[in-house]
Amino acid sequence: MGDDGGDQACPRSAGSVQPRQGGATGRLTRQEAGTTSRRGTFLYEFEQSAESRALMPFDAKPRLNVQDTKGAGPVVILLHDWPMSSEMWTPQFRMLRNAGFRVIRYDCRGFGKSDATGESYDLDALAADLHRLIEARDLREVSLVGIGMGAAEIIRYLAIHGDDRVSRLVLVSCPGPVPARDAECGPDETDPYTRTVRALDEDPEAFCGTYTHEVLSFRGTCRASEATHRAVLEQIRAARPEVMLESLAAVLGTDLTSDIAALRRPVMLLHGEGDDMLPVETTAQRLYEAIPGSRLQVLLGAPHALNLTHTRHFNSALLDFLRLG
Numbered sequence: 019m020g021d022d023g024g025d026q027a028c029p030r031s032a033g034s035v036q037p038r039q040g041g042a043t044g045r046l047t048r049q050e051a052g053t054t055s056r057r058g059t060f061l062y063e064f065e066q067s068a069e070s071r072a073l074m075p076f077d078a079k080p081r082l083n084v085q086d087t088k089g090a091g092p093v094v095i096l097l098h099d100w101p102m103s104s105e106m107w108t109p110q111f112r113m114l115r116n117a118g119f120r121v122i123r124y125d126c127r128g129f130g131k132s133d134a135t136g137e138s139y140d141l142d143a144l145a146a147d148l149h150r151l152i153e154a155r156d157l158r159e160v161s162l163v164g165i166g167m168g169a170a171e172i173i174r175y176l177a178i179h180g181d182d183r184v185s186r187l188v189l190v191s192c193p194g195p196v197p198a199r200d201a202e203c204g205p206d207e208t209d210p211y212t213r214t215v216r217a218l219d220e221d222p223e224a225f226c227g228t229y230t231h232e233v234l235s236f237r238g239t240c241r242a243s244e245a246t247h248r249a250v251l252e253q254i255r256a257a258r259p260e261v262m263l264e265s266l267a268a269v270l271g272t273d274l275t276s277d278i279a280a281l282r283r284p285v286m287l288l289h290g291e292g293d294d295m296l297p298v299e300t301t302a303q304r305l306y307e308a309i310p311g312s313r314l315q316v317l318l319g320a321p322h323a324l325n326l327t328h329t330r331h332f333n334s335a336l337l338d339f340l341r342l343g
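If you're matching positions, the sequence shown starts at 19 in our numbering and goes up one per residue.
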């Protein structure tokens with residue numbers, strides 16, 4: 019899975035971002051990626067590696083469905099988006115494993131094959147699960163990579179548990195810093211949180227199809243292959259409605275402004291130019307301005323789930339950053 023534009027020619031890569039005032043370090047330059055032919059698609063049913071056949075339940079409750087390549091390489095933990103599962107990281111999981119990293123991905127509580135606790139699904143609870151996993155496996159110098167909900171979870175984890183075991187952070191399609199329900203909207207618009215809750219409540223099945231299209235589309239055109247679209251749709255359909263609603267409130271309804279002060283490790287922000295759900299101007303750009311020394315790369319023509327639609331460019335940016343330290 020991973021398309022670099024699906025049936026479309028792959029758009030150019032990241033646009034330049036001017037350095038922010040007040041001590042910005044460095045300047046991002048425009049990368050001209052040109053065009054490329056359609057790449058092959060990784061289908062989940064063909065990704066049954068030795069690691070994925072031996073998925074390990076985490077001992078303490080809730081049991082988390084964890085996939086760990088083991089090995090002595092630098093540790094990378096991949097945290098998935100709402101309302102999908104760790105399967106959305108399949109292209110990056112394979113790439114990082116082949117690059118020599120020890121890669122760990124897991125389904126957040128209530129999603130994928132992890133337990134639904136019937137308790138809390140807020141960011142504090144998600145961060146506590148991440149903390150338990152890192153402590154139980156005695157992981158150190160960890161690179162944390164999260165998209166959407168996973169990115170917000172990383173920020174909350176550092177605010178509560180500190181960064182002693184963390185080396186660097188990659189925040190992809192990250193919400194915040196202010197809650198999405200407080201987003202600036204026109205007179206005829208509703209904020210992303212209210213709009214999503216309303217659609218999910220009115221017709222869950224229709225919502226799954228619409229949301230899948232939105233996260234994979236740029237200006238209304240799906241940038242993913244049919245196989246990738248189908249795989250994402252299956253993940254979303256498998257999510258429990260009650261978990262979706264509560265965790266959505268946590269992700270889009272939480273103010274991360276005060277948490278940002280805890281981000282002292284190197285941070286890269288990756289965002290799609292065409293993310294209509296979390297527009298770059300009100301999320302990544304503001305986070306970039308608020309996080310000292312951070313980097314921001316905006317992929318031109320990319321939607322919210324840019325790791326699945328612009329896989330080649332995404333993987334290149336991710337790998338370059340992880341290899342810096």
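We put the CB at the ideal spot given by N, CA and C, even for glycine. Bear in mind that the values here come from a model prediction, so they are computed numbers and not experimental data.
C-beta atoms of Ser132 and Tyr139 nearer than 8 Å = Here residue 132 is taken as the residue at index 114 of the sequence shown, counted from 1. Here residue 139 is taken as the residue at index 121 of the sequence shown, counted from 1. No, these two residues do not count as a Cβ contact at 8 Å.
Rounded to a whole number of angstroms, what is the C-alpha to C-alpha distance between Glu307 and Leu274?
-> On the sequence shown, residue 307 is found 289 positions in, with the first residue counted as 1. On the sequence shown, residue 274 is found 256 positions in, with the first residue counted as 1. Going from the Cα of Glu307 to the Cα of Leu274 covers about 14 Å.
What first and last residue would you give for the alpha helix (DSSP H) that runs through Ile173?
-> Locating residue 173 in the sequence shown gives position 155, counting from the first residue. From DSSP, the alpha helix (DSSP H) with Ile173 extends over 167-179.
Would Trp100 pass as a contact of Ser265 if the rule is Cβ separation under 8 Å?
-> Within the sequence shown, numbered from 1, the residue matching residue 100 stands at position 82. Within the sequence shown, numbered from 1, the residue matching residue 265 stands at position 247. Yes, these two residues count as a Cβ contact at 8 Å.
Assign Asp86 to one of two classes, buried (16 or more other C-beta atoms within 10 Å of its C-beta) or exposed (fewer than that).
-> Here the question's residue 86 lines up with position 68 in the sequence shown. Classification for Asp86: buried.
Neighbourhood of Phe332 by C-beta, 6 Å cutoff - its chain only, sequence neighbours within 5 removed | For the purposes of this step, residue 332 is taken as the residue at position 314 of the sequence shown. Excluding sequence neighbours, Phe332 sits near Leu324, Asn325.
Asn83: buried (16+ other C-beta within 10 angstroms of its C-beta) or exposed?
-> Taking the sequence shown and counting its residues from 1, the one referred to as residue 83 is at position 65. Buried.
Which of the three DSSP states, helix, strand or coil, is assigned to Tyr124?
-> Position 106 of the sequence shown, counted from the first residue, corresponds to residue 124. Reduced to three states, the DSSP call for Tyr124 is strand.
For Ser161 versus Phe129, is the C-beta distance shorter than 8 Å?
-> Here residue 161 refers to the residue found at position 143 when the sequence shown is read from its first residue. Here residue 129 refers to the residue found at position 111 when the sequence shown is read from its first residue. No, they are not a contact pair.
Have a look at Ile122 and Gln315 and give me their C-alpha separation to the nearest angstrom.
-> Taking the first residue of the sequence shown as position 1, residue 122 is located at position 104. Taking the first residue of the sequence shown as position 1, residue 315 is located at position 297. Approximately 24 Å between the Cα atoms of the pair.
With burial defined as no fewer than 16 other Cβ atoms inside 10 Å of the residue's Cβ, what is the status of Gly180: buried or exposed?
-> In the sequence shown, residue 180 corresponds to position 162, counting from 1. It is exposed - the Cβ of Gly180 has fewer than 16 other Cβ atoms within 10 Å.
If we call anything under 8 Å between Cβ atoms a contact, is Gly164 one with Phe236?
-> Position 146 of the sequence shown holds residue 164. Position 218 of the sequence shown holds residue 236. Their beta carbons are not under 8 Å apart, which means Gly164 does not touch Phe236 by this criterion.
How long is the line joining the alpha carbons of Leu218 and Ala90, rounded to whole angstroms?
-> The count along the sequence shown starts at 1 and reaches residue 218 at position 200. The count along the sequence shown starts at 1 and reaches residue 90 at position 72. Spanning the two alpha carbons is a distance of roughly 43 Å.
Taking Cβ positions, are Ala177 and Ala302 nearer each other than 8 Å?
-> Here residue 177 refers to the residue found at position 159 when the sequence shown is read from its first residue. Here residue 302 refers to the residue found at position 284 when the sequence shown is read from its first residue. In this structure, Ala302 does not lie closer than 8 Å to Ala177 by Cβ.
Going straight from the alpha carbon of Ile95 to that of Arg241, what length do you get?
-> Within the sequence shown, the letter at position 77 stands for residue 95. Within the sequence shown, the letter at position 223 stands for residue 241. So the two alpha carbons sit approximately 26 Å from each other.
Bridge partner(s) assigned by DSSP for Asp86 | Stepping through the sequence shown from its first residue, residue 86 is reached at position 68. BP columns for Asp86 point to Ile122.
With Phe339 and Met286 assumed to form a contact (beta carbons below 8 Å), what rounded beta-carbon distance in angstroms separates them?
-> Position 321 of the sequence shown, counted from the first residue, corresponds to residue 339. Position 268 of the sequence shown, counted from the first residue, corresponds to residue 286. Contact between Phe339 and Met286 holds, with the beta-carbon distance rounding to 5 Å and staying under 8 Å.
Around the C-beta of Ala335, are 16 or more other C-beta atoms found within 10 angstroms, so that it is buried, or is it exposed?
-> The count along the sequence shown starts at 1 and reaches residue 335 at position 317. Ala335 comes out buried.
Which one or two residues does DSSP pair with Phe236 in a beta bridge?
-> Taking the first residue of the sequence shown as 1, we reach residue 236 at position 218. The partner list for Phe236 (beta bridge, DSSP) reads Thr239.
What do you reckon, are the CB atoms on Gly319 and Pro284 nearer than 8 Å?
-> The sequence position of residue 319 within the sequence shown is 301, counting from 1. The sequence position of residue 284 within the sequence shown is 266, counting from 1. Contact flag unset, no.
Taking the C-alpha atoms as reference points, what is the distance between Arg155 and His149?
-> Here the question's residue 155 lines up with position 137 in the sequence shown. Here the question's residue 149 lines up with position 131 in the sequence shown. About 10 Å.
Beta-ladder partner(s) of Leu187, from DSSP | Against the sequence shown, residue 187 aligns to sequence position 169. BP columns for Leu187 point to Leu162, Val285.
Is Ile278 helix, strand or coil by DSSP?
-> As a working mapping, residue 278 is identified with position 260 in the sequence shown. It is helical.
Keeping to the same chain, check which residues put their C-beta closer than 8 Å to that of Ala72; ignore five residues upstream and five downstream.
-> As a position in the sequence shown, residue 72 is number 54, starting the count at 1. At Ala72, the pLDDT of 39 sits below 50, so the modelled position is not reliable; the number obtained from the coordinates is stated separately. Same-chain partners within the cutoff: there are none.
Drop a sphere of 10 angstroms on the beta-carbon of Glu171, count the other beta-carbons inside from all chains shown, and report buried for 16 or more, exposed for fewer.
-> As a working note, residue 171 is residue 153 in the sequence shown. Glu171 comes out buried.
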